[in-house]
Amino acid sequence: MGYADEVLKIYCPMWYDNHRFLVIVDLSRKQLVYLDSLRSPTARSKRRRQIRKLAIFLDDLLDDRAWYANANTDKIECSEFDIKEPEVAQQLLER
1 MGYADEVLKI
11 YCPMWYDNHR
21 FLVIVDLSRK
31 QLVYLDSLRS
41 PTARSKRRRQ
51 IRKLAIFLDD
61 LLDDRAWYAN
71 ANTDKIECSE
81 FDIKEPEVAQ
91 QLLER
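Anchor point for the sequence shown: position 69 equals 69 in UniProt numbering, and the numbering is continuous, going up by one each time.
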């Protein structure tokens with residue numbers, strides 16, 4: 001990974017409760033993009049909580065100024081980003 005103030009997106013594969021999904025941390029738009037081809041209304045809040053935990057982890061990581069090329073860059077606060085859930089093609093459940 002390059003310097004945080006020079007990177008546009010961070011791709012984070014996530015695994016939670018025996019399920020994989022992708023989170024894109026879009027630094028330019030200040031969004032956490034949640035992509036899941038097997039969405040579950042019952043697990044949605046738990047998965048969103050995992051995304052928030054990732055954002056808090058990134059906040060802690062990005063507290064270190066060594067992650068920034070420019071000393072004057074404002075600290076990136078991923079935990080303040082909105083979570084976006086664009087429509088994606090869904091897997092068919094096996095019967």
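Built from N, CA and C at the ideal position, the CB exists for glycine as well.
- A43 and S28 have their C-alpha atoms some 28 Å from each other.
- Going by DSSP, F57 is part of the alpha helix (DSSP H) stretching over 44-61.
- Shown here, D82 sits in a strand according to DSSP, grouped into three states.
- Per the Cβ contact rule, the stretch 14-21 is not in contact with the stretch 63-75 (fewer than 3 Cβ pairs under 8 Å).
- In the structure shown, the three-state DSSP call for R29 is coil.
- In its chain, beyond the 5 residues on either side, L22, V23, I24, V25, L54 have a beta carbon closer than 8 Å to the beta carbon of C12.
- If you look at Y11, you'll find it in the beta strand (DSSP E) that goes 9-15.
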